[in-house]
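For the sequence shown, the positions run 1 to 418 when full-length UniProt numbering is used.
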Amino acid sequence: MHKKDSLSSLFEHGGIQLLRPLLEFQKSRLIATCETHNTRWAEDKTNQDRTLTARNAIRHIFSNHKLPVILSKESMLAVAQKTRSRVDKYKAAADKLFDSCSINLDIQTASLVVRLPPVEALLTNPTPTPPSSEKLQARNTAHYLLRRVVELVSPREHMVHESLANAVLAIYPSLASGGLQEGVRPARVFNSNWCLWTINTSAVDCTVKDGVFGQTDEWCISRQPPKIEAFESSSLHFPPMQTSGWQLFDGRFWVRVHNLTDRPIIMRMLTDTQLEHLNPLDPGAKMFNRRKQMRAILDTITPHALRRHLPALFLAPVNKEQEPTLIALPTLQSSPTLSQDDQNPWECTWEVRYKKVDPGARTLSDIVRKPVYHSVEFDPLNPLGMDAPQTSRRKKNLKDQKGDSRRSGPGSAWGGII
Numbered sequence: 001m002h003k004k005d006s007l008s009s010l011f012e013h014g015g016i017q018l019l020r021p022l023l024e025f026q027k028s029r030l031i032a033t034c035e036t037h038n039t040r041w042a043e044d045k046t047n048q049d050r051t052l053t054a055r056n057a058i059r060h061i062f063s064n065h066k067l068p069v070i071l072s073k074e075s076m077l078a079v080a081q082k083t084r085s086r087v088d089k090y091k092a093a094a095d096k097l098f099d100s101c102s103i104n105l106d107i108q109t110a111s112l113v114v115r116l117p118p119v120e121a122l123l124t125n126p127t128p129t130p131p132s133s134e135k136l137q138a139r140n141t142a143h144y145l146l147r148r149v150v151e152l153v154s155p156r157e158h159m160v161h162e163s164l165a166n167a168v169l170a171i172y173p174s175l176a177s178g179g180l181q182e183g184v185r186p187a188r189v190f191n192s193n194w195c196l197w198t199i200n201t202s203a204v205d206c207t208v209k210d211g212v213f214g215q216t217d218e219w220c221i222s223r224q225p226p227k228i229e230a231f232e233s234s235s236l237h238f239p240p241m242q243t244s245g246w247q248l249f250d251g252r253f254w255v256r257v258h259n260l261t262d263r264p265i266i267m268r269m270l271t272d273t274q275l276e277h278l279n280p281l282d283p284g285a286k287m288f289n290r291r292k293q294m295r296a297i298l299d300t301i302t303p304h305a306l307r308r309h310l311p312a313l314f315l316a317p318v319n320k321e322q323e324p325t326l327i328a329l330p331t332l333q334s335s336p337t338l339s340q341d342d343q344n345p346w347e348c349t350w351e352v353r354y355k356k357v358d359p360g361a362r363t364l365s366d367i368v369r370k371p372v373y374h375s376v377e378f379d380p381l382n383p384l385g386m387d388a389p390q391t392s393r394r395k396k397n398l399k400d401q402k403g404d405s406r407r408s409g410p411g412s413a414w415g416g417i418i
């Protein structure tokens with residue numbers, strides 16, 4: 001659990017912690033303990049099906065076949081313990097390096113800028129030509145370091161180890177088992193674990209030689225540009241005249257929407273076509289002021305590629321032939337404040353929290369850029385051209401919203417407040 005500070009309220013900090021205190025005990029010892037205390041041993045019947053899992057097959061081999069001493073249960077457990085100790089050592093080294101990295105996390109665009117340590121910091125005994133064993137240890141440390149960094153912005157909870165291994169060699173090619181081959185340079189752009197890594201060329205270490213980038217380069221990391229099918233699969237739908245529960249959008253943002261209209265509201269990522277529609281319009285066009293403001297806000301986002309995976313709220317059309325109407329950018333704009341005024345122009349309000357992150361030994365304020373939210377511009381003359389909700393329905397919705405504001409989130413599965 002991270003230390004609480006002024007930015008804690010902008011992050012999800014619920015969750016369930018899974019504890020397995022008996023994992024280190026041998027099964028035979030657990031059974032003997034149960035028998036000593038007259039407690040019946042209970043076992044899942046599927047454990048006896050050797051075709052169900054690889055673990056069951058191994059259990060069957062140990063129980064029914066005589067294996068060489070090197071493959072005995074004791075030998076295998078000793079190897080597992082030794083491997084676990086090595087992994088713990090690599091993770092501890094990576095955590096220490098992570099705490100020393102310069103990190104600037106932008107929770108409004110789910111992106112960050114990080115300055116990674118030089119390759120010498122990964123080596124136990126830095127030398128011009130480190131041995132293969134030293135390189136292997138350095139690659140393992142770098143693996144867990146990049147994992148800590150990627151987890152801050154990746155839309156996926158579980159990392160792909162092969163992808164991280166490729167990222168290590170893309171950033172630290174000198175750690176390759178065969179050494180740095182002639183003409184091979186660190187990658188400047190690559191994808192890893194659904195994230196796009198782009199080197200910040202303005203911050204390149206100029207002390208390197210032979211045109212090879214230094215290992216203290218700054219990297220910009222953001223969500224990998226989504227495929228077309230991801231736009232619909234990651235969409236969230238909020239029913240008319242309702243307050244939703246907390247929902248996770250694209251693995252990065254927890255959101256809750258108070259829909260005040262008689263049409264569904266949809267959250268999904270912006271497409272290039274929708275960005276083009278925000279270009280300057282005739283001042284007399286529908287929603288001119290609001291669209292002009294959203295365009296101005298998006299123009300401040302750099303690099304511009306970050307705009308392609310921002311969450312946006314759309315009002316569903318009256319008929320399927322029409323396109324949804326973009327009404328807000330909830331991670332960049334502050335939610336409007338509602339009143340009992342029947343002429344209130346807003347379609348919805350929203351709440352947004354960033355996913356749970358681990359800042360290590362630092363506080364969130366140490367690694368997170370302080371968000372700046374823009375107010376929502378509106379056009380006073382029913383900008384969406386829709387029928388305003390009836391007075392009684394709007395007042396009831398506002399009353400329900402006030403009651404719902406006491407709910408905890410993001411849902412019972414997380415067991416607490418966000």
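We treat Cβ as the ideally placed atom computed from N, Cα and C, and that holds for glycine.
Residue nearest to residue i in terms of C-alpha spacing, selected from the options
i           : options               : result
residue 310 : 110, 79, 46 and 358   : 110
residue 373 : 348, 99, 336 and 367  : 336
residue 24  : 147, 250 and 81       : 81
residue 232 : 249, 218, 224 and 239 : 249
residue 368 : 377, 376, 375 and 356 : 356
residue 222 : 274, 289, 104 and 55  : 104
residue 262 : 41, 139, 359 and 315  : 315
residue 198 : 178, 177 and 220      : 220
residue 251 : 238, 226 and 243      : 226
residue 241 : 78, 348 and 69        : 348
residue 119 : 272, 172 and 303      : 172
residue 272 : 285, 59, 253 and 295  : 295
residue 308 : 40, 27 and 108        : 108
residue 14  : 371, 254, 292 and 376 : 254
residue 370 : 106, 36 and 44        : 106
residue 290 : 346, 304 and 321      : 346
residue 325 : 270, 40 and 332       : 270
residue 304 : 276, 78, 319 and 292  : 276
Contacting residues, own chain, Cβ-Cβ under 6 Å from residue i (five flanking each side not counted)
i           : result
residue 93  : 141
residue 102 : 115
residue 99  : 360 and 361
residue 126 : 120
residue 168 : 139, 142 and 143
Rounded distance between the beta-carbons of residue j and residue i, thought under 8 Å
i           : j           : result
residue 278 : residue 298 : 7 Å
residue 236 : residue 247 : 5 Å
residue 268 : residue 328 : That belief does not hold up - the Cβ atoms of residue 268 and residue 328 are roughly 13 Å apart, past 8 Å.
residue 42  : residue 50  : Not really, about 20 Å apart at Cβ, beyond 8 Å.
residue 200 : residue 218 : 4 Å
residue 323 : residue 330 : In fact, because the Cβ distance is near 19 Å, the residues do not count as touching under 8 Å.
residue 293 : residue 229 : Contact flag wrong, Cβ pair sits at about 31 Å.
Nonlocal neighbours in the same chain, by C-beta distance under 8 Å from residue i, ignoring five residues either side
i           : result
residue 97  : 117, 121, 122, 141 and 145
residue 484 : No statement about residue 484 is possible, as the shown extent of the chain runs from 1 to 418 and does not include it.
residue 419 : Since the displayed the chain opens at 1 and closes at 418, residue 419 lies outside it and no answer follows.
residue 31  : 41
residue 73  : 62
Paired residues, beta bridge with residue i - DSSP
i           : result
residue 248 : 254
residue 190 : 197
residue 328 : 313
residue 238 : 265
residue 374 : 333
residue 431 : Absent from the structure is residue 431, since the part of the chain shown begins at 1 and ends at 418.
residue 11  : 354
residue 46  : Per DSSP, none; premise fails for residue 46.
residue 349 : 258
residue 162 : According to DSSP, which records beta bridges pairwise, residue 162 is partnered with nothing at all.
residue 243 : 258
residue 368 : 105
residue 229 : Bridge partners of residue 229: none, in fact.
residue 218 : 115
Min CB distance residue i to chain D below 9 Å
i           : result
residue 122 : Here there is only one protein chain, and chain D is not present.
Same chain only: Cβ atoms within 7 Å of residue i, ignoring 5 sequence neighbours per side
i           : result
residue 193 : 150, 154, 156, 159, 160, 163 and 164
residue 11  : 353, 354, 356, 357 and 364
residue 135 : 175 and 177
residue 238 : 244, 257, 259, 264 and 265
residue 5   : 363, 364 and 365
residue 90  : 140, 141 and 144
residue 22  : 30
Contact test: residue i Cβ vs the ligand MG heavy atom, cutoff 8 Å
i           : result
residue 362 : With respect to small molecules bound, the structure shown includes none, and the ligand MG cannot be examined in it.
- alpha helix (DSSP H) runs contained entirely in the segment 257-300, provided each spans 4 or more residues: Runs of the alpha helix (DSSP H) lying entirely within the segment 257-300, each at least 4 residues long, are 272-276 and 288-299 in chain order.
- Message: Quick check on the DSSP output: what are the complete alpha helix (DSSP H) runs of length 4 or more inside the segment 118-156, in order along the chain?
- Response: Unbroken alpha helix (DSSP H) runs of no fewer than 4 residues, entirely contained in the segment 118-156, are found at 132-150, following chain order.
- What are the start and end residues of each continuous beta strand (DSSP E) run of 3 or more residues lying completely inside the segment 76-126, in chain order? Taking only runs of at least 3 residues, the beta strand (DSSP E) segments lying wholly in the segment 76-126 are 102-106 and 111-115.
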